[in-house]
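So the structure is just underneath, and the comments pick up after that.
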Amino acid sequence: MSSDKYLPIDAKHIPTEEPERQYFFMDLLRDELTARKEEEHREFTMHVETFGCQMNAKDSEKLAGILTYIGYTPVETEDADIVLYNTCTVRENANTRVYGRIGYLGRLKKRRPGMKIILCGCMMQEKEAVEKIKQSYRFVDIIFGTHNIYMLSELLYRSFHEKGMVTDVREEADRIVEDLPSYRKYDFKAGVNIMYGCNNFCTYCIVPYVRGRERSRNPVDIIKETEQLVSEGVKEVMLLGQNVNSYGKTLDPQVSFAELIRDVAKVEGLERVRFMTPHPKDISEELLREVAVNPKICNHIHLPLQSGSTRLLQKMNRHYTKEQFLALTDRIREIIPDVAITTDIIIGFPGETEEDFEDTLDVIRKARFMSAFTFIYSKRSGTPAADMPDQVPEEVSADRMKRLLETVGEVAGAEARKYTGQTVPVLCEVYKKETGCVTGRLENNLLVHFPGEESLLGKIVRVKLDECTGFYYLGTMV
Ligand code: SAH
Ligand code: SF4
Ligand code: F3S
Numbered sequence: 011m012s013s014d015k016y017l018p019i020d021a022k023h024i025p026t027e028e029p030e031r032q033y034f035f036m037d038l039l040r041d042e043l044t045a046r047k048e049e050e051h052r053e054f055t056m057h058v059e060t061f062g063c064q065m066n067a068k069d070s071e072k073l074a075g076i077l078t079y080i081g082y083t084p085v086e087t088e089d090a091d092i093v094l095y096n097t098c099t100v101r102e103n104a105n106t107r108v109y110g111r112i113g114y115l116g117r118l119k120k121r122r123p124g125m126k127i128i129l130c131g132c133m134m135q136e137k138e139a140v141e142k143i144k145q146s147y148r149f150v151d152i153i154f155g156t157h158n159i160y161m162l163s164e165l166l167y168r169s170f171h172e173k174g175m176v177t178d179v180r181e182e183a184d185r186i187v188e189d190l191p192s193y194r195k196y197d198f199k200a201g202v203n204i205m206y207g208c209n210n211f212c213t214y215c216i217v218p219y220v221r222g223r224e225r226s227r228n229p230v231d232i233i234k235e236t237e238q239l240v241s242e243g244v245k246e247v248m249l250l251g252q253n254v255n256s257y258g259k260t261l262d263p264q265v266s267f268a269e270l271i272r273d274v275a276k277v278e279g280l281e282r283v284r285f286m287t288p289h290p291k292d293i294s295e296e297l298l299r300e301v302a303v304n305p306k307i308c309n310h311i312h313l314p315l316q317s318g319s320t321r322l323l324q325k326m327n328r329h330y331t332k333e334q335f336l337a338l339t340d341r342i343r344e345i346i347p348d349v350a351i352t353t354d355i356i357i358g359f360p361g362e363t364e365e366d367f368e369d370t371l372d373v374i375r376k377a378r379f380m381s382a383f384t385f386i387y388s389k390r391s392g393t394p395a396a397d398m399p400d401q402v403p404e405e406v407s408a409d410r411m412k413r414l415l416e417t418v419g420e421v422a423g424a425e426a427r428k429y430t431g432q433t434v435p436v437l438c439e440v441y442k443k444e445t446g447c448v449t450g451r452l453e454n455n456l457l458v459h460f461p462g463e464e465s466l467l468g469k470i471v472r473v474k475l476d477e478c479t480g481f482y483y484l485g486t487m488v
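Each residue of the sequence shown is one higher than the one before, starting from 11 at the first, in this note's numbering.
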């Protein structure tokens, strides 16, 4: 892309290195915004909304960081000068939600002609989605994908100085850009990317197509970011990747995930470390032992099952059998006796029979998950499963979902109740003024509500778990 189209600046002044180039555009935009603020005697606002997973949320923090650096004030609603939707496309309903909301933005923009509407994230990596937006939602100002979120300021600058919609969606990431600003949702906990992309190609999943190939971040950069977060008051970090067990394989020298998490946990002042998501096919004993002995690493493992049927697991390209999964959960409990195991389950995958479904229920009972995210299979065009025969009818999936939720409810309820009467450390995350209640998170990811004060937010305190009401506790601080 030639940079000389960015009138009114002379191309030779635009840095070619990153992140210097982005800071150059951020500073230009900041100067322009400062002038507009003085002219119009008002604040300029922005609203960033996340539609997807933790990685999507982490990207949103970077995008919001760029906008706050420029001088926009974050607000809760879409009645703002800049609205940015960071989209997800993992299931069809994620896309439907986005389209509905863009329509609403169009009506808002009629009342606020200067408003900028920006769409980015996973859904924008799909050509059909971008085409549809170009045709039906022409009021959108900027579209970019997952591989160049660091370029937001440059694209925004172009949008202010060029006519028409600015689009820049890339097939692959050309680099990992470090050291851009970030605006975090919570003061006391944060996600840290350790890798990007996915190479697993589970046959139902769109993520490898919209996030590209697996790339690990340098351990030095991960530790540096963690130290920076801790210096800003963060107590808990979650290490993020689609398959954290393959961390480091592309690095030279190779670093294992267990080695990385051990080093992250050494950061002074950091109190808790979590991670998401390990793939059952290559979780290592080295990692499990590290979780067991390291007091800072939370005894919680999110281990997506997807299906309990060996036949379907094979069609899903998951590389484990029902028996191997159950042997793994047994082994995890042997090494980490007080662990909580949670999962993701898909029902209605093409060809799923009643017998396959019974296998899934069987694994839920035997693996004793503490909670499960449950999804009805959603056909994603371009993935191998979309062309598989015997797509399961909606009524059948709906009925299985009902039965799945009953079984998950029974198992998870019993697992959660096991902690009644214990006194445990919790991280205080939310304070509700109306009820005078604080919500804290246990190491195993369960929540407890207890009477407390706002000043507890971000602190780790000890709470007695008095009563379990379904999936959370009521307690008292001791
Ligand atoms: N990398 C993670 C999960 C990422 S997507 C892992 O491998 O576990 C989060 C969850 O969405 C998946 O675990 C899966 O349960 C669900 N999911 C992915 N594609 C789906 C689809 N096409 N239909 C329904 N659920 C899906
Ligand atoms: Fe999707 Fe499988 Fe990769 Fe997870 S591991 S993101 S489910 S392809
Ligand atoms: Fe996450 Fe959705 Fe993308 S689950 S990786 S935001 S498709």
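Just so it is clear, CB atoms sit at the ideal spot from N, CA and C, and this is done for glycine as well.
beta-carbon residue i near the ligand SAH non-hydrogen atom, thresh 6 Å
{"i": "SER381", "result": "no"}
{"i": "THR78", "result": "no"}
{"i": "THR287", "result": "yes"}
{"i": "ILE357", "result": "no"}
{"i": "ASP354", "result": "yes"}
{"i": "PRO360", "result": "no"}
{"i": "TYR387", "result": "yes"}
{"i": "PRO314", "result": "yes"}
{"i": "ARG390", "result": "yes"}
Rounded straight-line distance, which links the Cα of residue j to that of residue i
{"i": "HIS312", "j": "THR353", "result": "5 Å"}
{"i": "LYS442", "j": "ARG321", "result": "47 Å"}
{"i": "LYS474", "j": "VAL434", "result": "6 Å"}
{"i": "GLU453", "j": "HIS310", "result": "7 Å"}
{"i": "TYR483", "j": "GLU88", "result": "34 Å"}
{"i": "SER266", "j": "HIS329", "result": "20 Å"}
{"i": "ALA74", "j": "VAL187", "result": "16 Å"}
{"i": "ALA90", "j": "ALA408", "result": "39 Å"}
{"i": "ARG451", "j": "ALA21", "result": "51 Å"}
{"i": "SER13", "j": "LEU39", "result": "Because the pLDDT of SER13 is 47, which lies under 50, any placement of that residue in the model is unreliable, and the number read from its coordinates should be weighed accordingly. Their backbone Cα atoms lie some 16 Å apart in a straight line."}
{"i": "GLU71", "j": "GLU365", "result": "44 Å"}
{"i": "ARG341", "j": "LEU297", "result": "12 Å"}
{"i": "PRO314", "j": "PRO290", "result": "7 Å"}
{"i": "ARG410", "j": "ILE80", "result": "50 Å"}
{"i": "LEU162", "j": "ILE127", "result": "12 Å"}
{"i": "THR213", "j": "GLU181", "result": "20 Å"}
{"i": "GLY485", "j": "LEU166", "result": "48 Å"}
{"i": "VAL140", "j": "ARG223", "result": "21 Å"}
{"i": "VAL244", "j": "GLU463", "result": "19 Å"}
{"i": "ARG121", "j": "SER294", "result": "56 Å"}
{"i": "SER241", "j": "GLU235", "result": "10 Å"}
{"i": "MET11", "j": "THR156", "result": "Because MET11 carries a pLDDT of 47, less than 50, the predicted location of this residue cannot be relied on, and the following value inherits that uncertainty. For MET11 and THR156, the distance between alpha carbons rounds to 18 Å."}
{"i": "ASP231", "j": "GLU404", "result": "46 Å"}
{"i": "ARG221", "j": "CYS208", "result": "7 Å"}
{"i": "MET134", "j": "PRO461", "result": "44 Å"}
{"i": "TYR147", "j": "ILE345", "result": "54 Å"}
Closer than 6 Å: residue i CB and nearest the ligand SF4 heavy atom
{"i": "VAL240", "result": "no"}
{"i": "GLN64", "result": "no"}
Among the options, nearest to residue i - alpha-carbon criterion
{"i": "LEU437", "options": "ILE470, ALA424, SER465, ARG413", "result": "ILE470"}
{"i": "PHE61", "options": "THR78, THR97, ARG52", "result": "THR97"}
{"i": "GLY113", "options": "GLU102, ARG427, VAL93, GLN324", "result": "VAL93"}
{"i": "GLY419", "options": "TYR257, ARG375, GLN316", "result": "ARG375"}
{"i": "ASN253", "options": "GLU296, THR287, ARG472, ILE19", "result": "THR287"}
{"i": "GLN432", "options": "CYS447, VAL244, VAL488", "result": "VAL488"}
{"i": "TYR196", "options": "PHE481, GLU444, GLU439, LEU456", "result": "GLU439"}
{"i": "PHE211", "options": "ILE204, TYR219, MET205", "result": "TYR219"}
{"i": "GLU362", "options": "ARG343, GLY318, PHE383, ALA426", "result": "GLY318"}
{"i": "HIS57", "options": "PHE34, THR83, GLN32", "result": "THR83"}
{"i": "ASP400", "options": "SER256, ILE153, LYS325, PRO123", "result": "LYS325"}
{"i": "ILE271", "options": "ILE152, VAL283, ALA382", "result": "VAL283"}
{"i": "LEU7", "options": "LEU43, ARG227, LYS199", "result": "Because the chain spans 11 through 488 in this model, residue 7 falls outside it and cannot be assessed."}
{"i": "LYS259", "options": "GLY279, VAL277, ASN228", "result": "ASN228"}
{"i": "ASN203", "options": "TYR429, LEU239, ILE216, THR78", "result": "LEU239"}
Proximity test, residue i beta-carbon vs the ligand F3S heavy atom, cut-off 6 Å
{"i": "CYS130", "result": "no"}
{"i": "THR393", "result": "no"}
{"i": "THR99", "result": "yes"}
Proximity test, Cβ basis, 7 Å: residue i and chain C
{"i": "ASP354", "result": "Protein chains in the displayed structure number just one, and chain C is not present."}
Of all the alpha helix (DSSP H) runs that stay within the bounds of the region 33-57, which reach a length of 4 or more residues?
Counting only runs of 4 or more, we get nothing.
Closer than 6 Å between the C-beta and any heavy atom of the ligand SF4: which residues qualify, listed along the chain?
After applying the 6 Å Cβ criterion, the set is CYS208, ASN210, PHE211, CYS212, CYS215, VAL217, PRO218, GLN252, ASN253, HIS289.
Restricting to runs no shorter than 4 residues, where is the alpha helix (DSSP H) found entirely within the region 402-473?
Qualifying alpha helix (DSSP H) stretches, in chain order: 404-427.
Going residue by residue through the region 96-166, where are the continuous alpha helix (DSSP H) segments of at least 4 residues, counting only ones entirely within it?
Listed in chain order, they are 102-121, 137-146.
Entirely within the region 188-262 and at least 4 residues each: give me those alpha helix (DSSP H) ranges in chain order.
Taken in chain order, the unbroken stretches of alpha helix (DSSP H) that lie wholly in the region 188-262 and span 4 residues or more are 217-221, 229-241.
Quick check on the DSSP output: what are the complete alpha helix (DSSP H) runs of length 4 or more inside the region 270-332, in order along the chain?
Within the region 270-332, the complete alpha helix (DSSP H) segments of 4 residues or longer fall at 295-303, 320-325, listed in chain order.
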